[in-house]
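Undergrad:
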Amino acid sequence: DGGITQSPKYLFRKEGQNVTLSCEQNLNHDAMYWYRQDPGQGLRLIYYSQIVNDFQKGDIAEGYSVSREKKESFPLTVTSAQKNPTAFYLCASSIGRRNTGELFFGEGSRLTVL
Amino acid sequence: EDQVTQSPEALRLQEGESSSLNCSYTVSGLRGLFWYRQDPGKGPEFLFTLYSAGEEKEKERLKATLTKKESFLHITAPKPEDSATYLCAVQDPGNQFYFGTGTSLTVIP
């Protein structure tokens, strides 16, 4: 079945450690996104990529990094510079910039800093 | 600045009691308005896309409508399994998406 796969579903990190969240899609979508969701807040955009080998910062990119070496994959690294990383992280994809199309989401990854 | 505001923040309904959720938006050049359902600990599940004022979409007990300034998600005769958080999002001409904070719906048997 086509869709978006995020892993791991739960992740625990000690302070000072970098962690990487995986996101893979087999929908043949050009655009991919990472959002952060905190209780009582809307989804906030961390990074997005409209095409392979290109990505842009979103509203809250500080302390995060991404890569887009393959169309199917858009991993997110939460670095030690992120001051408050405990959150629910959502990866999404859409057809791409020339098309109007809904976002499709993965099941999310919950990161907890110990 | 593009904004999306959803109301109410939370809604409790008796089973069978119909109601509506509101999503008001300010965006230049709306490309699409989207409704999602999100269950606790899960990713949002796509429900509807609306593109222009006057458009309506239906799915089971849900019907979404769109005007130039807002969208409504009407829930007819809800069941307990309709309990979830409903998110609204808009897409601007730059292919950016803006989300509201959601309405948490609880349907009581």
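Residue numbers (this note's numbering), protein chains in the order written: chain A, 1 to 114; chain B, 1001 to 1109.
Note that the Cβ used here is the ideal one computed from N, Cα and C, for glycine as well.
As the structure is a computational prediction, the values presented were derived from the model and not from experiment.
From this set, W1035/B, S1052/B, G1054/B, which residue's C-alpha is nearest E1045/B's C-alpha?
TA: Looking at the Cα atoms, W1035/B is the closest of the given residues.
Undergrad: Can you have a look at I1108/B and say buried or exposed, based on whether 16 or more other CB atoms are within 10 angstroms of its CB?
TA: By the neighbour-count rule (16 or more Cβ atoms within 10 Å), I1108/B is not buried but exposed.
Undergrad: Quick one: which chain A residues come within Cβ less than 9 Å of T1103/B?
TA: Ordered by position in chain A, no residue passes the 9 Å Cβ test against T1103/B, which lies about 12 Å from the chain.
Undergrad: Please list the segments of the beta strand (DSSP E) lying wholly inside the stretch 61-100 of chain A, counting only runs of 3 or more residues, in order along the chain.
TA: For the stretch 61-100 of chain A, whole beta strand (DSSP E) runs of length 3 or above, ordered along the chain, are 64-66, 76-78, 87-94.
Undergrad: In or out: T1085/B buried (at least 16 other Cβ within 10 Å) or exposed?
TA: Buried, by the Cβ-count rule.
Undergrad: Report the neighbours of N1095/B on chain A: residues whose CB is nearer than 8 Å to its CB, in chain order.
TA: Those are A31, Q50, S94, G96, R97, listed as they occur along chain A.
Undergrad: Report yes if the CB atom of Q1038/B is closer than 9 Å to the CB atom of T1101/B, and no otherwise.
TA: Going by C-beta atoms, Q1038/B is not nearer than 9 Å to T1101/B.
Undergrad: How many angstroms separate the CA atom of T1103/B from the CA atom of S109/A?
TA: So the two alpha carbons sit approximately 22 Å from each other.
Undergrad: In the DSSP assignment, what are the bridge partners of N1022/B?
TA: DSSP lists S1007/B, F1072/B as partners of N1022/B.
Undergrad: Can you list the residues of chain A that T1049/B reaches, using a CB-CB cut of under 7 Å?
TA: By Cβ distance, chain A contributes E102.
Undergrad: Tell me which same chain residues have a C-beta within less than 7 Å of the C-beta of K57/A, skipping the five on either side of it?
TA: Result list for K57/A: Y47, in chain order.
Undergrad: Suppose you measure from the CA of Q1014/B to the CA of V113/A; what does that come to, to the nearest Å?
TA: If you take the alpha carbons of Q1014/B and V113/A, they lie about 39 Å apart.
Undergrad: Listing by chain order, which chain B residues have their CB less than 8 Å from the CB of F74/A?
TA: Ordered by position in chain B, no residue passes the 8 Å Cβ test against F74/A, which lies about 15 Å from the chain.
Undergrad: Establish whether the CB of G1100/B and some CB of chain A are separated by less than 9 Å.
TA: G1100/B counts as touching chain A.
Undergrad: Can you tell me whether DSSP reads D1039/B as helix, strand or coil?
TA: Three-state DSSP puts D1039/B in coil, outside helix and strand.
Undergrad: Using a Cβ-Cβ distance cut-off of 9 Å, determine whether K1079/B contacts chain A.
TA: Chain A contact via Cβ: absent.
Undergrad: Could you tell me whether any Cβ in chain B is nearer than 9 Å to the Cβ of I46/A?
TA: Answer no: the Cβ-Cβ gap between I46/A and chain B never drops below 9 Å.
Undergrad: Report, in whole angstroms, the separation of the C-beta atoms of P1093/B and R1012/B, which I expect to be a contact under 8 Å.
TA: With a Cβ gap of about 38 Å, P1093/B and R1012/B do not count as contacting.
Undergrad: Give me the chain A residues within the contact set of F1072/B, using Cβ-Cβ distance strictly less than 9 Å, ordered along the chain.
TA: Within chain A, no residue comes near F1072/B; the closest Cβ sits about 18 Å away, beyond 9 Å.
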